[in-house]
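Everything in the sequence shown is counted per my numbering, starting at 3 for the first residue and increasing by one. What follows is one structure encoded as structure tokens, with my remarks underneath.
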Amino acid sequence: MPAEGEDLAKLIDIAGEGIPAWLWSRSASNGKSVLGVGIERARRESGGFSYRNARIACATEATRGMVLSYPIDTAPEDNPDDLPAAIAPFVTLEQLSVGTWYINALAVFPRHCSNGIGTTWLRAAEKQAQAAGYAQMSIQVYAQNSGAARLTPDLGALKA
3 MPAEGEDLAK
13 LIDIAGEGIP
23 AWLWSRSASN
33 GKSVLGVGIE
43 RARRESGGFS
53 YRNARIACAT
63 EATRGMVLSY
73 PIDTAPEDNP
83 DDLPAAIAPF
93 VTLEQLSVGT
103 WYINALAVFP
113 RHCSNGIGTT
123 WLRAAEKQAQ
133 AAGYAQMSIQ
143 VYAQNSGAAR
153 LTPDLGALKA
């Protein structure tokens with residue numbers, strides 16, 4: 003199992019502004035920590051949130067950030083009306099993203115922000131999408147996430 007599971011879980015929680023940890027807390031039991039659930043999910047071989055879909059930026063053995071992206075070829079089958087209110091909008095937007103290369107998450111540890119890592123990873127995801135034959139990309143950005151809101155309009159192929 004990849005050693006990056008812990009950093010990947012922490013970064014996906016940063017990108018999701020705490021919603022991933024809230025979801026993981028619903029599965030934490032029998033002494034397993036919330037972070038432990040996230041690590042287990044990050045180390046999965048399949049699924050959207052899997053290390054296989056992640057690219058991790060490291061320097062001098064320290065993780066700096068990551069992008070998690072993959073194609074959405076079929077709409078999620080979940081009915082947003084049956085999901086927790088915090089999750090329903092994401093599923094609705096994913097259903098609208100069919101046929102695109104989807105950036106599920108992009109996060110940089112706070113101490114490494116403003117070093118161009120986010121832009122580098124968005125460009126790398128764009129190249130990956132093009133190589134896989136996708137002409138469009140999709141990304142969800144929280145309105146209150148001013149850093150991401152500033153970053154995405156500068157990248158022509160991305161629509162926030």
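Each residue gets a CB set at the ideal place from its N, CA and C atoms; glycine is no exception.
- Beta-bridge annotation (DSSP): P73 is paired with W103.
- I89: not part of any alpha helix (DSSP H); DSSP gives it neither H nor E.
- Between the beta-carbon of Y136 and that of T94 there is about 21 Å, and that puts the pair past the 8 Å contact cut.
- Under the DSSP assignment, S27 falls in the alpha helix (DSSP H) whose first and last residues are I21 to S27.
- In the three-state DSSP reduction, V143 falls in the coil class, being neither helix nor strand.
- V110 is bridged by DSSP to G67.
- If you compare the alpha carbons of F92, I16 and D9 with that of Y53, the shortest gap goes to D9.
- DSSP, reduced to helix, strand and coil, places A56 within a strand of the structure shown.
- In this structure L13 is in contact with A109, their Cβ atoms being roughly 4 Å apart against a cut-off of 8 Å.
- Of the candidates I21, A11 and S116, A11 places its Cα closest to the Cα of F51.
- For the options D84, D80 and G67, the alpha carbon positioned closest to that of G118 is the one of G67.
- Only residues of its own chain outside the window of five on either side were considered, and among them A23, W26, S27 and A30 have a CB closer than 6 Å to the CB of V36, listed in chain order.
- According to the DSSP assignment, K129 belongs to the alpha helix (DSSP H) that extends over I119 to A133.
- Contact annotation: E42 and G7 have beta-carbon atoms nearer than 9 Å.
- When T65, A134 and V143 are compared, the shortest CA-CA separation from P73 is found for A134.
- Note that the C-beta distance between A56 and A64 is not below 9 Å.
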